[in-house]
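Enquirer:
Numbering (our numbering), first residue to last: 3 to 241.
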(Lines of atoms letter the chains of each structure in order from A and count residues from 1; the text may use other names and numbers.)
(Lines give C-alpha, C1' and ligand atoms only; values in the text may rest on other atoms or scores of the structure.)
Protein backbone atom coordinates (compact mmCIF):
# COMPACT_ATOMS: atom_id res chain seq x y z
CA UNK A 1 0.00 0.00 0.00
CA UNK A 2 2.78 2.40 0.87
CA UNK A 3 4.58 1.47 -2.28
CA UNK A 4 1.51 2.23 -4.39
CA UNK A 5 1.17 5.67 -2.78
CA UNK A 6 4.81 6.38 -3.52
CA UNK A 7 4.31 5.47 -7.18
CA UNK A 8 1.31 7.78 -7.45
CA UNK A 9 3.32 10.60 -5.90
CA UNK A 10 6.05 10.07 -8.50
CA UNK A 11 3.48 10.32 -11.32
CA UNK A 12 2.01 13.60 -9.98
CA UNK A 13 5.40 15.39 -9.93
CA UNK A 14 6.02 15.23 -13.73
CA UNK A 15 2.46 16.45 -14.35
CA UNK A 16 3.05 19.45 -12.10
CA UNK A 17 6.36 20.16 -13.83
CA UNK A 18 4.67 19.96 -17.24
CA UNK A 19 2.09 22.53 -16.15
CA UNK A 20 4.83 24.93 -15.00
CA UNK A 21 6.76 24.41 -18.22
CA UNK A 22 3.65 25.02 -20.30
CA UNK A 23 3.02 28.26 -18.42
CA UNK A 24 6.59 29.43 -19.03
CA UNK A 25 6.36 28.55 -22.72
CA UNK A 26 3.06 30.39 -22.98
CA UNK A 27 4.53 33.52 -21.43
CA UNK A 28 7.57 33.24 -23.67
CA UNK A 29 5.35 32.93 -26.72
CA UNK A 30 3.43 36.02 -25.64
CA UNK A 31 6.71 37.87 -25.11
CA UNK A 32 7.92 36.77 -28.53
CA UNK A 33 4.67 37.93 -30.14
CA UNK A 34 4.95 41.25 -28.33
CA UNK A 35 8.56 41.65 -29.40
CA UNK A 36 7.61 40.81 -32.98
CA UNK A 37 4.84 43.40 -32.85
CA UNK A 38 7.27 45.96 -31.38
CA UNK A 39 9.79 45.03 -34.06
CA UNK A 40 7.19 45.47 -36.78
CA UNK A 41 6.17 48.84 -35.31
CA UNK A 42 9.81 49.95 -35.11
CA UNK A 43 10.35 48.93 -38.72
CA UNK A 44 7.26 50.84 -39.75
CA UNK A 45 8.49 53.89 -37.83
CA UNK A 46 11.87 53.54 -39.48
CA UNK A 47 10.21 53.33 -42.90
CA UNK A 48 8.11 56.43 -42.16
CA UNK A 49 11.16 58.32 -40.97
CA UNK A 50 13.10 57.32 -44.07
CA UNK A 51 10.22 58.52 -46.24
CA UNK A 52 10.12 61.84 -44.40
CA UNK A 53 13.89 62.21 -44.73
CA UNK A 54 13.65 61.48 -48.45
CA UNK A 55 10.95 64.13 -48.85
CA UNK A 56 12.95 66.64 -46.83
CA UNK A 57 16.10 65.85 -48.80
CA UNK A 58 14.23 66.45 -52.05
CA UNK A 59 12.75 69.66 -50.66
CA UNK A 60 16.16 70.79 -49.47
CA UNK A 61 17.64 70.10 -52.91
CA UNK A 62 14.88 72.13 -54.54
CA UNK A 63 15.37 75.01 -52.11
CA UNK A 64 19.13 74.97 -52.68
CA UNK A 65 18.58 75.06 -56.44
CA UNK A 66 16.16 77.94 -56.06
CA UNK A 67 18.60 79.78 -53.79
CA UNK A 68 21.33 79.23 -56.37
CA UNK A 69 19.09 80.65 -59.08
CA UNK A 70 18.14 83.60 -56.90
CA UNK A 71 21.79 84.27 -56.17
CA UNK A 72 22.52 84.29 -59.90
CA UNK A 73 19.62 86.67 -60.49
CA UNK A 74 20.84 88.75 -57.56
CA UNK A 75 24.32 88.89 -59.10
CA UNK A 76 22.85 89.89 -62.48
CA UNK A 77 20.82 92.65 -60.84
CA UNK A 78 23.88 93.87 -58.98
CA UNK A 79 25.84 93.92 -62.23
CA UNK A 80 23.01 95.82 -63.94
CA UNK A 81 22.85 98.26 -61.05
CA UNK A 82 26.62 98.71 -61.12
CA UNK A 83 26.50 99.29 -64.89
CA UNK A 84 23.62 101.75 -64.48
CA UNK A 85 25.51 103.66 -61.78
CA UNK A 86 28.65 103.72 -63.93
CA UNK A 87 26.63 104.83 -66.96
CA UNK A 88 24.97 107.53 -64.90
CA UNK A 89 28.35 108.77 -63.68
CA UNK A 90 29.72 108.64 -67.21
CA UNK A 91 26.67 110.56 -68.49
CA UNK A 92 27.20 113.20 -65.83
CA UNK A 93 30.83 113.56 -66.88
CA UNK A 94 29.85 113.70 -70.56
CA UNK A 95 27.16 116.30 -69.86
CA UNK A 96 29.64 118.37 -67.88
CA UNK A 97 32.19 118.16 -70.70
CA UNK A 98 29.57 119.04 -73.32
CA UNK A 99 28.32 121.95 -71.24
CA UNK A 100 31.89 123.25 -70.99
CA UNK A 101 32.35 122.73 -74.72
CA UNK A 102 29.03 124.45 -75.42
CA UNK A 103 30.05 127.37 -73.26
CA UNK A 104 33.37 127.60 -75.11
CA UNK A 105 31.55 127.44 -78.45
CA UNK A 106 29.13 130.14 -77.35
CA UNK A 107 32.03 132.34 -76.29
CA UNK A 108 33.74 131.63 -79.62
CA UNK A 109 30.49 132.43 -81.42
CA UNK A 110 30.19 135.72 -79.57
CA UNK A 111 33.81 136.51 -80.42
CA UNK A 112 33.28 135.66 -84.10
CA UNK A 113 30.08 137.72 -84.19
CA UNK A 114 31.97 140.62 -82.67
CA UNK A 115 34.72 140.21 -85.25
CA UNK A 116 32.13 140.02 -88.01
CA UNK A 117 30.48 143.22 -86.85
CA UNK A 118 33.84 144.94 -86.70
CA UNK A 119 34.69 143.54 -90.12
CA UNK A 120 31.40 144.84 -91.53
CA UNK A 121 32.11 148.26 -90.08
CA UNK A 122 35.61 148.16 -91.48
CA UNK A 123 34.26 147.03 -94.84
CA UNK A 124 31.78 149.88 -94.96
CA UNK A 125 34.51 152.30 -94.02
CA UNK A 126 36.84 150.87 -96.63
CA UNK A 127 34.06 150.88 -99.22
CA UNK A 128 33.37 154.49 -98.46
CA UNK A 129 37.07 155.29 -98.59
CA UNK A 130 37.43 153.32 -101.81
CA UNK A 131 34.45 155.07 -103.33
CA UNK A 132 35.95 158.41 -102.45
CA UNK A 133 39.28 157.29 -103.83
CA UNK A 134 37.64 156.06 -107.03
CA UNK A 135 35.80 159.31 -107.42
CA UNK A 136 38.97 161.23 -106.73
CA UNK A 137 41.00 159.10 -109.13
CA UNK A 138 38.34 159.30 -111.81
CA UNK A 139 38.16 162.99 -111.40
CA UNK A 140 41.92 163.45 -111.54
CA UNK A 141 43.54 160.72 -113.60
CA UNK A 142 41.07 157.89 -114.03
CA UNK A 143 43.84 155.54 -112.81
CA UNK A 144 44.02 152.83 -110.12
CA UNK A 145 40.33 151.95 -110.68
CA UNK A 146 41.05 148.26 -111.28
CA UNK A 147 43.27 148.05 -108.19
CA UNK A 148 40.57 149.48 -106.02
CA UNK A 149 37.98 147.15 -107.49
CA UNK A 150 40.27 144.20 -106.82
CA UNK A 151 40.66 145.37 -103.25
CA UNK A 152 36.89 145.63 -102.90
CA UNK A 153 36.45 142.10 -104.30
CA UNK A 154 39.02 140.79 -101.83
CA UNK A 155 37.20 142.44 -98.96
CA UNK A 156 33.87 141.03 -100.12
CA UNK A 157 35.43 137.55 -100.43
CA UNK A 158 36.85 137.82 -96.93
CA UNK A 159 33.48 138.88 -95.54
CA UNK A 160 31.82 135.97 -97.33
CA UNK A 161 34.36 133.59 -95.83
CA UNK A 162 33.66 134.99 -92.38
CA UNK A 163 29.93 134.47 -92.95
CA UNK A 164 30.55 130.84 -93.92
CA UNK A 165 32.68 130.32 -90.80
CA UNK A 166 29.90 131.80 -88.72
CA UNK A 167 27.39 129.42 -90.33
CA UNK A 168 29.64 126.42 -89.56
CA UNK A 169 30.03 127.56 -85.96
CA UNK A 170 26.27 127.99 -85.61
CA UNK A 171 25.70 124.47 -86.95
CA UNK A 172 28.25 123.05 -84.51
CA UNK A 173 26.60 124.85 -81.62
CA UNK A 174 23.17 123.53 -82.63
CA UNK A 175 24.59 119.99 -82.77
CA UNK A 176 26.10 120.38 -79.32
CA UNK A 177 22.83 121.74 -77.95
CA UNK A 178 21.00 118.69 -79.34
CA UNK A 179 23.57 116.34 -77.77
CA UNK A 180 23.22 118.09 -74.42
CA UNK A 181 19.43 117.77 -74.61
CA UNK A 182 19.73 114.06 -75.38
CA UNK A 183 22.14 113.48 -72.52
CA UNK A 184 19.97 115.44 -70.13
CA UNK A 185 17.24 112.93 -70.86
CA UNK A 186 19.42 110.35 -69.10
CA UNK A 187 18.82 112.28 -65.90
CA UNK A 188 15.14 111.48 -66.25
CA UNK A 189 15.99 107.77 -66.36
CA UNK A 190 17.23 107.77 -62.77
CA UNK A 191 13.95 106.06 -61.92
CA UNK A 192 15.25 103.00 -63.80
CA UNK A 193 18.12 102.83 -61.33
CA UNK A 194 15.66 103.11 -58.44
CA UNK A 195 13.61 100.26 -59.95
CA UNK A 196 16.74 98.10 -60.16
CA UNK A 197 17.51 98.92 -56.52
CA UNK A 198 13.98 97.94 -55.50
CA UNK A 199 14.14 94.67 -57.48
CA UNK A 200 17.54 93.89 -55.98
CA UNK A 201 16.23 94.50 -52.44
CA UNK A 202 13.20 92.27 -53.08
CA UNK A 203 15.44 89.54 -54.51
CA UNK A 204 17.74 89.71 -51.46
CA UNK A 205 14.72 89.48 -49.12
CA UNK A 206 13.44 86.43 -51.01
CA UNK A 207 16.88 84.81 -50.88
CA UNK A 208 17.11 85.43 -47.13
CA UNK A 209 13.62 83.95 -46.65
CA UNK A 210 14.57 80.81 -48.57
CA UNK A 211 17.82 80.48 -46.63
CA UNK A 212 15.87 80.71 -43.36
CA UNK A 213 13.41 78.12 -44.67
CA UNK A 214 16.30 75.87 -45.65
CA UNK A 215 17.78 76.22 -42.17
CA UNK A 216 14.44 75.19 -40.62
CA UNK A 217 14.18 72.21 -42.98
CA UNK A 218 17.71 71.18 -42.03
CA UNK A 219 16.83 71.27 -38.32
CA UNK A 220 13.78 69.09 -38.96
CA UNK A 221 15.92 66.71 -40.96
CA UNK A 222 18.43 66.43 -38.10
CA UNK A 223 15.58 65.72 -35.67
CA UNK A 224 14.33 62.96 -37.95
CA UNK A 225 17.81 61.48 -38.21
CA UNK A 226 17.97 61.48 -34.40
CA UNK A 227 14.56 59.78 -34.21
CA UNK A 228 15.72 57.24 -36.80
CA UNK A 229 18.78 56.49 -34.70
CA UNK A 230 16.60 55.95 -31.63
CA UNK A 231 14.34 53.61 -33.62
CA UNK A 232 17.35 51.61 -34.82
CA UNK A 233 18.64 51.27 -31.27
CA UNK A 234 15.23 50.06 -30.11
CA UNK A 235 15.21 47.60 -33.01
CA UNK A 236 18.64 46.29 -32.02
CA UNK A 237 17.50 45.90 -28.40
CA UNK A 238 14.36 44.06 -29.54
CA UNK A 239 16.44 41.70 -31.68
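The beta-carbon is built from N, C-alpha and C at its ideal position, and this holds for glycine as well.
Leaving aside the five residues before and after residue 26 along the sequence, list all residues of the same chain whose C-beta is less than 6 Å from its C-beta, in chain order.
Expert: Around residue 26: no qualifying Cβ.
Enquirer: To the nearest angstrom, how far is it from the Cα of residue 30 to the Cα of residue 56?
Expert: Going by the C-alpha atoms only, they are around 38 Å apart.
Enquirer: Name the residue from 44, 50, 90 and 166 whose alpha carbon lies nearest to the alpha carbon of residue 111.
Expert: Closest option to residue 111, Cα to Cα, is 166.
Enquirer: Where residue 88 and residue 100 are concerned, what is the direct C-alpha to C-alpha distance, given to the nearest angstrom?
Expert: The alpha-carbon atoms of residue 88 and residue 100 are separated by roughly 18 Å.
Enquirer: Identify whether residue 60 lies in helix, strand or coil by the three-state DSSP scheme.
Expert: Reduced to three states, the DSSP call for residue 60 is helix.
Enquirer: Report the rounded CA-to-CA distance for residue 34 versus residue 40, giving the unit in angstroms.
Expert: Whole-angstrom Cα-Cα distance: 10 Å.
Enquirer: Measure the alpha-carbon distance for residue 36 versus residue 42 and round it to whole angstroms.
Expert: Looking at the two C-alpha atoms, the distance is approximately 10 Å.
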